[in-house]
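Novice:
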Amino acid sequence: MPSFPKPKIPDAVVPPPLRKPAKPGSGGTPKGQAPSDLKEAPERKSAGDKMLEVGKEAPIDALGWVDQRLAASGFLTGMLFRKVPKGTNWFYTLGSATLFAFIVQATTGVFLAMFYTPSATQAYSSIAHINNEVPLGQLVHGMHKWGSSVMVILIFLHMGRTFFFGAYKYPRELNWVIGVVLLILTMTMAFTGYLLPFDQRSFWASIVGININGTGPIVGPYLSDFLRAGPELGATTLARFYAIHMLLVPGAIIALIGAHMYLVVKLGTTAPPWVKAQRPKVAAPVAPLEAGANGNGRVNGDRSNGVPVDGEETSA
Ligand code: HEM
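Quick note, the numbering used here runs 273 ahead of the 1-based positions in the sequence shown.
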């Protein structure tokens, strides 16, 4: 096939960056043309490189898309970069450790629920099935069983920290009250979960626990009747404990942890009791001087009785 010479493409239709640079000494950029430094053809990327670049940016793009609609980054930045008081130490990690223990319990609990049967005749065998036949079943069951004790220990240690550091005082009383409810709910989880394997130990231990509840003043007998769900501990008790353990209490705990965390972020944490409050570095606002007596019964600026006027520093 005969080959024809390539036709010359007129300069006017070539986009500026692709135009050839003007010849040296030809007198600079002619009118209507792009400057010579823009005339270099851009580096062409292969389709694979482009896809890799898009792939790298995708998570950030997706997060940006969500953030534009939720405006959550401001809240997250405020929460993650908030200031903590001087002297904050390892004891302050006990709350987060309790939270972590709860998350482990919730996660392992979901997997156990996939294989557990809450029936008086099948509960025990379903636990045996989890332990002996389900892949990693024994590990997940063990994590859930030991994790419950870990969470109970951590919640008490965390409560001790907040008590001894005086974190229950103003303005954190409400967070303390929420904490007390969380403590009761956590104990309820541990108690109701104990019956679920429905073996000899859990059966008799639950009878003891229900009877102890019955000894409480006024509400005690009603509470034990409610928990037993019948004259004797049996199938209805198991169903009730299962519903409390799986539905009622976890939902309440999640909601209350949300409120607890909101208050921690909003109010900040308490400084350890041995850290003394320091004077702010900026000068304290001085009360406007007015002629006449102030609250101390003397004229502003009068130091004659040695008592400082409002806003003044003491010499001691
Ligand atoms: C599921 C249970 C709980 C979780 C997940 C939890 C989590 C947390 C976290 C992460 C903090 C901030 C960090 C820290 O101070 O450790 C905190 C603070 C606090 N918690 Fe809890 N907590 C729980 C139960 C309790 C209980 C039982 C109480 C007391 C009865 C309590 C009272 C407080 C108080 C007063 C603060 C503020 C501490 C301060 O200002 O220094 N919490 N909690």
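C-beta atoms are modelled at their ideal positions from N, C-alpha and C, and glycine is treated no differently.
Would you report the Cα separation of P283 and S319, rounded to the nearest angstrom?
Specialist: Separation of P283 and S319 (C-alpha to C-alpha, rounded to the nearest whole angstrom) is 28 Å.
Novice: Is the CB-CB distance between G360 and P553 below 8 Å?
Specialist: no
Novice: What whole-angstrom Cβ distance do F464 and L511 have, given they're in contact under 8 Å?
Specialist: Contact between F464 and L511 does not hold, since the beta-carbon distance rounds to 13 Å and is not under 8 Å.
Novice: Hey, would you say H402 sits closer than 8 Å to G466, going by beta carbons?
Specialist: no
Novice: What does the alpha-carbon distance come out to for the pair L427 and L500?
Specialist: 26 Å
Novice: Consider the C-beta atom of R445 and the heavy atoms of ligand 1; say whether any pair is separated by less than 7 Å.
Specialist: Distances between the C-beta of R445 and the heavy atoms of ligand 1 include at least one below 7 Å.
Novice: Is G321 helix, strand or coil when you go by DSSP?
Specialist: helix
Novice: If you scan the stretch 365-434 from start to end, which runs of the alpha helix (DSSP H) of 4 or more residues do you find wholly inside it?
Specialist: 367-386 and 396-405
Novice: Roughly how many angstroms lie between the CA atoms of E505 and F437, to the nearest whole one?
Specialist: 43 Å
Novice: Does DSSP classify K549 as helix, strand or coil?
Specialist: coil
Novice: Applying the criterion that 16 or more other CB atoms from any shown protein chain within 10 Å of the CB defines a buried residue, is G420 buried or exposed?
Specialist: buried
Novice: Leaving out five residues before and five after Q411 in sequence, what residues of the same chain have Cβ atoms less than 7 Å from its Cβ?
Specialist: N404
Novice: Whole angstroms is fine: what's the gap from P280's alpha carbon to R317's?
Specialist: The straight-line gap from Cα to Cα measures roughly 24 Å.
Novice: I need the straight-line Cα distance from W605 to A374, nearest angstrom please.
Specialist: Residue 605 lies beyond the residue range present for the chain, which begins at 274 and ends at 589; the question has no answer from this structure.
Novice: Please indicate yes or no: does the CB of G360 lie closer than 7 Å to some heavy atom of ligand 1?
Specialist: no
Novice: Which residue spans inside the stretch 485-520 form an unbroken alpha helix (DSSP H) run of at least 4?
Specialist: 493-501 and 508-516
Novice: How many angstroms separate the CA atom of D498 from the CA atom of L343?
Specialist: 47 Å
Novice: Smallest Cα separation from L447: which of K539, D322 and R513?
Specialist: Residue K539 is the option with its Cα nearest to L447.
Novice: Determine the closest residue to A370 out of I526, L385, V425 and F348, with distance taken between C-alpha atoms.
Specialist: V425
Novice: Please report how far the alpha carbon of V454 lies from the alpha carbon of M387, in whole angstroms.
Specialist: 29 Å
Novice: Please find out if some non-hydrogen atom of ligand 1 comes closer than 7 Å to the beta-carbon of I263.
Specialist: For the chain, the structure presents residues 274 to 589; residue 263 sits outside this window and is missing.
Novice: Assign V537 to one of three DSSP states: helix, strand, or coil.
Specialist: helix
Novice: Give the C-beta separation of A440 and T543 to the nearest angstrom, bearing in mind that I take them to be a contact with Cβ-Cβ under 8 Å.
Specialist: 4 Å
Novice: Compute every distance between the C-beta of V377 and the non-hydrogen atoms of ligand 1, then say whether any falls below 7 Å.
Specialist: Flag unset: Cβ of V377 not near ligand 1.
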